[in-house]
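Colleague: Mapping of the sequence shown onto my numbering: residues 40 to 335, in sequence order.
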Amino acid sequence: HLDPATGEWHAICYDATVADAVRHVVVDTAGKVRRDEAIAVKHGPSIHDCMITEHYVIVLDLPVTFSMKQMLAGFAFPYAWNPDHQARVGLLPRDGRGDEVIWCDVAPCYVFHPANAFENPDGTVTFDAAVHDSMFANSTQGPDSTRVPFERWTIDPGSRKVARRVIDDHNQEFPRPDERFIGKPYRYAFTLALPEGGDPAFVSDTQLFRHDLIEGTRQVHDFGTGKVPGEFVFVPRTADAPEGDGWLMGYVIDRSTDTTDFVILNAMDFEGAPQAVVHLPHRIPPGFHGNWLPQI
Numbered sequence: 040h041l042d043p044a045t046g047e048w049h050a051i052c053y054d055a056t057v058a059d060a061v062r063h064v065v066v067d068t069a070g071k072v073r074r075d076e077a078i079a080v081k082h083g084p085s086i087h088d089c090m091i092t093e094h095y096v097i098v099l100d101l102p103v104t105f106s107m108k109q110m111l112a113g114f115a116f117p118y119a120w121n122p123d124h125q126a127r128v129g130l131l132p133r134d135g136r137g138d139e140v141i142w143c144d145v146a147p148c149y150v151f152h153p154a155n156a157f158e159n160p161d162g163t164v165t166f167d168a169a170v171h172d173s174m175f176a177n178s179t180q181g182p183d184s185t186r187v188p189f190e191r192w193t194i195d196p197g198s199r200k201v202a203r204r205v206i207d208d209h210n211q212e213f214p215r216p217d218e219r220f221i222g223k224p225y226r227y228a229f230t231l232a233l234p235e236g237g238d239p240a241f242v243s244d245t246q247l248f249r250h251d252l253i254e255g256t257r258q259v260h261d262f263g264t265g266k267v268p269g270e271f272v273f274v275p276r277t278a279d280a281p282e283g284d285g286w287l288m289g290y291v292i293d294r295s296t297d298t299t300d301f302v303i304l305n306a307m308d309f310e311g312a313p314q315a316v317v318h319l320p321h322r323i324p325p326g327f328h329g330n331w332l333p334q335i
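1. For the beta strand (DSSP E) that Gln-211 lies in, which residues bound it at each end?
2. Suppose the cutoff is 7 Å on Cβ atoms and the five residues either side in sequence are ignored; what does the same chain contact list for Thr-165 look like?
3. Which residue wins for smallest C-alpha separation from Lys-200, given the options Gly-46, Ile-141, Pro-122, Gly-283?
4. So, with DSSP's three-state summary, where would you put Asp-183?
5. Taking all protein chains shown into account, decide if Met-107 is buried (16 or more other Cβ within 10 angstroms of its Cβ) or exposed.
6. Within its chain, find whatever has a CB closer than 8 Å to the CB of Gln-211; leave out the 5 residues flanking it on each side and keep chain order.
7. With DSSP as the reference, please indicate the residues paired to Gly-289 in a beta bridge.
8. So, for Phe-327: in the same chain, excluding its five sequence neighbours on each side, which residues have a beta-carbon less than 6 Å away from its beta-carbon?
9. Exposed or buried, what is Ile-128 when buried is set at 16 or more other beta-carbons lying within 10 Å of its beta-carbon?
10. Near Leu-101, what residues of its chain come up, given a Cβ to Cβ distance below 6 Å and the 5 sequence neighbours on each side ignored?
11. Would you mind working out which of Leu-252, Thr-163, Asp-183 sits nearest His-171, comparing C-alpha positions?
12. One question on the structure: do His-82 and Ala-44 come within less than 9 Å of each other, judged by their Cβ atoms?
13. Look up Leu-168 in the DSSP assignment and give the residues it is bridged to.
14. Just to confirm before moving on: does the CB-CB distance between Gly-269 and Phe-213 stay below 9 Å?
15. Assuming Pro-84 and His-40 form a contact by the criterion Cβ under 8 Å, report the distance between their Cβ atoms to the nearest whole angstrom.
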């Protein structure tokens, strides 16, 4: 994740051949690795993403782990749900040693994509994410969970406990904020609706959601029958525009024609008609991530 305050990039990295450690890596503004700190773990967990706050890196040590059984069976992705692996979330001081992580147990679940996280005046940390009830328990061909609500976790480093609250119970994924507010209190999160009950192909529904986390409301943009959106990225109108004032950009597949539209929405008129649509005469595979670069 890009830290908007420093311009540095933070990642939690893992290697399938190293079961007892993951690494916090920081890349500076010159593109050089300035930090590579090992963090002790067990069972070789698969950690898809992380999040940062002002003082912490959030480490998601959840029960999808390396599976020798899967590897020996010839699976290209040798990871599986491991009920014997204690689910926990760690608060690593951003420049601290790996053994300084504050680990807090959490009920078994899996997180691919956080929305954001920030610190509260009482010392707790708020963490928002799409949370799967399980992952790769029955199949490794794709996500196989049946329930994926948007949740808010309150992580207490003092008690080492995590309180979980459902923001929105509808299945959804790929949460994105106005990324100028990464690591800070924020108001808006944009997510992609998923079919209720799960979908083994992890194909989305026809809707995007806009969550107002202050008002506790949700707006819906529905692209219509057979129109399948992917992850949408927020782009601010100007560098100093108010939070949420800008555009959302992403791909929408038309299943009836096997073509794709690149769609731009006005984020402040979320339910309104698109600002622009660029038609692409072929299908772009669903599920791919995207980012906005203001200049190259």
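Where a beta carbon is used, it is the ideal one built from N, C-alpha and C, also for glycine. This structure is a prediction, so every number in the text was calculated from the model and none was measured.
Modeller: This is what the structure gives:
1. To locate residue 211, count along the sequence shown from 1; it is residue 172. Residues 211-216.
2. The residue given as residue 165 occupies position 126 in the sequence shown. Excluding sequence neighbours, Thr-165 sits near Ala-156, Phe-157, Asn-159, Arg-191, Thr-193.
3. Sequence index remark: in the sequence shown, residue 200 carries index 161 (1-based). Looking at the Cα atoms, Ile-141 is the closest of the given residues.
4. Residue 183 sits at position 144 when you count from the first residue of the sequence shown. Here Asp-183 sits in coil by DSSP.
5. If you number the sequence shown from 1, residue 107 lands on position 68. Per the 10 Å Cβ criterion, exposed.
6. Translated into positions along the sequence shown, residue 211 becomes position 172. Hits under 8 Å: Ala-169, Val-187, Pro-188, Phe-189, Thr-230, Leu-231, Ala-232, Leu-233, Phe-248.
7. The count along the sequence shown starts at 1 and reaches residue 289 at position 250. DSSP output for Gly-289 lists Val-302 as bridge partner(s).
8. To locate residue 327, count along the sequence shown from 1; it is residue 288. For Phe-327, where only same-chain residues beyond five positions count, there are no Cβ hits under 6 Å.
9. For this step, residue 128 is matched to residue 89 along the sequence shown. First, the amino acid is wrong: residue 128 is Val here, not Ile. Per the 10 Å Cβ criterion, buried.
10. Within the sequence shown, the letter at position 62 stands for residue 101. Same-chain partners within the cutoff: Ala-126, Tyr-149.
11. Sequence index remark: in the sequence shown, residue 171 carries index 132 (1-based). Of the candidates Leu-252, Thr-163, Asp-183, the one whose C-alpha sits nearest the C-alpha of His-171 is Asp-183.
12. What you label residue 82 is simply residue 43 of the sequence shown in a count that begins at 1. What you label residue 44 is simply residue 5 of the sequence shown in a count that begins at 1. Result no, Cβ atoms of His-82 and Ala-44 do not sit closer than 9 Å.
13. The residue given as residue 168 occupies position 129 in the sequence shown. Looking at the sequence itself, residue 168 is Ala, so the reference to Leu does not match. According to DSSP, which records beta bridges pairwise, Ala-168 is partnered with Pro-153, Glu-190.
14. Position 230 of the sequence shown, counted from the start, is the residue given in the question as residue 269. Position 174 of the sequence shown, counted from the start, is the residue given in the question as residue 213. Yes. Within cutoff.
15. Within the sequence shown, numbered from 1, the residue matching residue 84 stands at position 45. Within the sequence shown, numbered from 1, the residue matching residue 40 stands at position 1. Contact flag wrong, Cβ pair sits at about 19 Å.
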